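*Asks:*
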Amino acid sequence: MLLEPTAGQGQSLVKKLDDLVHYLEALEYHPKVGICLDTCHVFAAGHDISKKGGMTETLDLLVSIAGAERIQLIHANDSKDVCGALKDRHENLGKGEIGLDPFKELMAHPAVAKAPLILETPGDEKDHGPEVALLKKFRT
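Residues 1 to 140 in the UniProt record's numbering are what the sequence shown spells out, letter by letter.
Dropping the structure here:
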């Protein structure tokens with residue numbers, strides 16, 4: 001089971017990464033409970049991953065809360081809205097408020113080295129090819 005913090009809109013149960021503690025405790029830190037990190041969601045919820053070092057800081061926080069082994073999936077996307085807007089509006093990588101540099105930090109962070117990544121950006125297959133190539137370049 002993967003817990004995915006939301007952008008914070010409406011009646012969200014997990015908005016800030018700190019909120020994960022309550023659910024991990026309630027689930028007795030079961031070894032089959034993992035985390036899905038959506039880059040737009042954490043940004044919309046107020047974690048400023050767009051600033052220099054912000055993605056690393058956010059990932060380090062997540063590791064301190066849940067452990068690196070629990071980061072089991074990444075949803076990669078930019079955001080159409082500003083940090084803390086509480087809106088889940090995905091944008092193509094580098095075309096939104098997050099920008100490209102945070103994705104370099106994401107792909108270089110050891111906690112996500114083995115986590116699968118799903119690109120959740122607008123468009124179709126022809127639009128996604130360059131984004132996939134970019135993420136692969138950032139990972140090397």
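All C-beta atoms in this analysis are idealised placements derived from N, C-alpha and C, irrespective of residue type, glycine included.
The structure presented is a predicted model; accordingly, all values stated were derived computationally and were not measured.
(1) Please classify A113: is it buried, with 16 or more other beta-carbons within 10 angstroms of its beta-carbon, or exposed?
(2) For a test of the three-state rule: what should DSSP assign to I49, helix, strand or coil?
(3) Ignore the nearest five residues each way along the sequence and tell me which others in L117's own chain have a CB closer than 6 Å to its CB.
(4) For the region 81-101 against the region 37-50, are there 3 or more C-beta pairs whose distance is under 8 Å?
(5) Within 10 Å of its beta-carbon, does E131 have 16 or more other beta-carbons around it, so buried, or fewer, so exposed?
(6) Using only alpha-carbon positions, find the residue among L134, A68, A66 that is nearest to N92.
(7) Per DSSP, what kind of secondary structure is A113 in: helix, strand or coil?
*Replies:* Taking the coordinates as given:
(1) Residue burial annotation: A113 is exposed, with fewer than 16 other C-beta atoms found within 10 angstroms of its C-beta.
(2) Reduced to three states, the DSSP call for I49 is coil.
(3) I74, A76.
(4) They touch, by the three-pair rule.
(5) The residue in question, E131, is buried, as its Cβ has 16 or more Cβ neighbours within 10 Å.
(6) Here the closest residue by C-alpha is L134.
(7) The three-state reading of DSSP puts A113 in coil, since its state is none of H, G, I, E or B.
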